[in-house]
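Colleague: Mind looking over this structure? Questions follow.
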Amino acid sequence: MLNQAVSQDSGQNAGSNNRDIIELEGKVVEALPNAVFRVKIDLPDRQAGAGKPDSNQEILAHISGKLRINRIRVLPGDRVRIELTPYDLTRGRITRRL
Numbered sequence: 001m002l003n004q005a006v007s008q009d010s011g012q013n014a015g016s017n018n019r020d021i022i023e024l025e026g027k028v029v030e031a032l033p034n035a036v037f038r039v040k041i042d043l044p045d046r047q048a049g050a051g052k053p054d055s056n057q058e059i060l061a062h063i064s065g066k067l068r069i070n071r072i073r074v075l076p077g078d079r080v081r082i083e084l085t086p087y088d089l090t091r092g093r094i095t096r097r098l
């Protein structure tokens with residue numbers, strides 16, 4: 001019975017739970033080594049609250065695998081969409097260049 005439950009859960013997001021992911025938009029401030037970027041969050045002050053970072057917070061974010069495979073360049077000044085987990089609101093993953 002356990003094997004059936006594991007085999008049915010093989011999908012695109014098999015290892016993650018979508019409700020735990022926080023998606024935000026921001027602007028790349030600085031490019032750091034190893035495809036890591038410093039991103040400034042664009043959040044209106046009224047949306048900042050429990051479980052979300054402050055509106056002027058900078059987050060360290062790395063490039064997602066799809067951006068890396070498709071060789072999408074991210075440069076300082078670009079607007080990006082990032083994903084955060086509620087466990088560490090200071091680090092994230094860049095999932096899209098806007």
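Residues 1 to 98, numbered by full-length UniProt numbering, are exactly what the sequence shown covers, in order.
The beta carbon of each residue, even a glycine, is placed where N, CA and C say it ideally should be.
In this text, all values refer to a predicted model and were calculated from it rather than measured experimentally.
Fully enclosed by the UniProt domain "S1-like" (60 to 98), which beta strand (DSSP E) runs are 3 residues long or longer?
Modeller: As far as the UniProt domain "S1-like" (60 to 98) is concerned, its whole beta strand (DSSP E) runs of at least 3 residues are 79 to 85, 88 to 97.
Colleague: Whose C-alpha, out of P86, R97, T90, R91, is nearest the C-alpha of R19?
Modeller: The residue with the shortest Cα to Cα distance from R19 is P86.
Colleague: Among Q57, R81, G77, which residue has its Cα nearest to the Cα of N63?
Modeller: Inspection of the sequence shows that residue 63 is occupied by Ile rather than by Asn. Of the listed residues, the one whose Cα sits closest to I63 is R81.
Colleague: In angstroms with no decimal places, state the Cα-to-Cα distance between I72 and I22.
Modeller: Answer to the nearest angstrom: the Cα atoms are 22 Å apart.
Colleague: Does the Cβ-Cβ distance between G65 and D42 come in under 7 Å?
Modeller: Their beta carbons are not under 7 Å apart, which means G65 does not touch D42 by this criterion.
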